[in-house]
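Enquirer:
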Amino acid sequence: MSNTDSFIEEVTEEVQRDKLFALLKKWGWVAGVLVLLIVGGAAYNEWRKAKEREVAQSFGDQLLASIDGEYTGAKLGGVEPASPAQAAIAGHLAAATALGEGDTEAGLAELRDIENNPEIASIYRELAAFKAALALPPETDAAERISAFDAISGPLRPLAQEQKAMAMIVAGDAEGAVALLRGLIEAADATPGLQRRASEMIVALGADISDTASDDGNDG
């Protein structure tokens, strides 16, 4: 009985082996294709990363060359952005260059190009709007300056509101500025530094940090 069992086991193993070889012969090419796909995908991914590094390095070299070159207007000569993000970076640098050279009109135009480009990420556009509001010439009407800062949204809004309060003070609306600054002190998205500056400005304007005192006066 033992020999018979052993023989049966050997036959079973042989049959299973034959079936396995038949399956490999029939479907082995699928495994080969999968291996090729995996290896090919990994190789393509590495090539793509290398290409991205090459493009980024080329863009950086263009920016450095433009910075070292002579300023000839808001656009940086020779810079060819390969993506909206690169266009935003080049635009901000071009605007800074123009404003630094005293060409306010060209700098503002560059910033507004960024702000109005829907393909550029919102943070770059909001930063452009904030910098454009800061760069408005001194003769700009107070209402226009206030409106420019009030239109800014996103993470830069608290800083824009601080600048709006300062514009309101210049325009003679100290009471409105104090109310805005009090709001900044309570704002959840305002940094401690901004809250401290708001408090100092309120005190400098001769008002209380809190409006409790004014409320008591009204009750009396």
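In the working numbering, the protein residues as written are 353 to 572. Glycine residues also receive a C-beta, built at the ideal position from the N, C-alpha and C atoms. Values in this document were obtained by computation on a predicted structure and should not be read as measured data.
1. Flag this pair as touching only if the stretch 450-470 and the stretch 490-497 have three or more C-beta atom pairs under 8 Å; answer yes or no.
2. Between the C-alpha atoms of I475 and A485, what's the straight-line distance to the nearest angstrom?
3. How would you write the range of the alpha helix (DSSP H) that A519 sits in, first residue to last?
4. Quick check on the DSSP output: the alpha helix (DSSP H) that includes I466 runs from which residue to which?
5. Which whole runs of the beta strand (DSSP E) in the stretch 470-502 are 3 residues long or more, in chain order?
6. Go ahead and pull the three-state DSSP assignment for T543.
7. Is I561 helix, strand or coil when you go by DSSP?
8. Considering only the alpha carbon of each residue, which of A539, L533 and G558 lies closest to R549?
9. Quick check: the Cα distance between F501 and L488, rounded to an integer number of angstroms?
10. So, are the CB atoms of E471 and P436 less than 8 Å apart?
11. Go ahead and pull the three-state DSSP assignment for S551.
12. Out of A523, E514, E478 and L479, which one is the CA nearest neighbour of E496?
13. By the 10 Å Cβ neighbour count, where 16 or more other Cβ atoms means buried, how is K371 classified, buried or exposed?
14. If you follow the alpha helix (DSSP H) that G506 is in, where does it begin and where does it stop?
15. Going along the chain, which residues of its own chain have a beta-carbon closer than 6 Å to the beta-carbon of P433, five neighbours each way excluded?
16. Could you pull out every residue in the same chain whose Cβ sits closer than 8 Å to the Cβ of A542, ignoring the five residues on either side in sequence?
17. By the 10 Å Cβ neighbour count, where 16 or more other Cβ atoms means buried, how is E538 classified, buried or exposed?
18. Please state whether the Cβ-Cβ distance between A473 and H444 is less than 8 Å.
19. Excluding sequence positions up to five away, which residues of its chain have a Cβ less than 7 Å from the Cβ of T456?
20. CB-CB under 6 Å to A559, same chain, minus the five flanking residues each way: which ones, in chain order?
21. Since I believe I504 is in contact with E478 (beta carbons under 8 Å), could you give me their beta-carbon distance rounded to a whole number of angstroms?
Expert: Let me spell this out:
1. no
2. 15 Å
3. R509 to V522
4. T456 to E467
5. none
6. coil
7. coil
8. Cα-wise, what sits closest to R549 is L533.
9. 11 Å
10. yes
11. In the structure shown, S551 falls within a helical segment according to DSSP collapsed to helix, strand and coil.
12. The residue from A523, E514, E478 and L479 with its alpha-carbon nearest to that of E496 is A523.
13. Taking every protein chain shown into account, the CB of K371 has fewer than 16 other CB atoms within 10 angstroms, so this residue is exposed.
14. According to the DSSP assignment, G506 belongs to no alpha helix (DSSP H), since it is labelled neither H nor E.
15. A439 and A442
16. So the qualifying residues of the chain are P510, L536 and A550.
17. exposed
18. At a Cβ-Cβ threshold of 8 Å, A473 and H444 do not count as neighbours.
19. Only A487 and P489 meet the Cβ criterion.
20. V530
21. 6 Å
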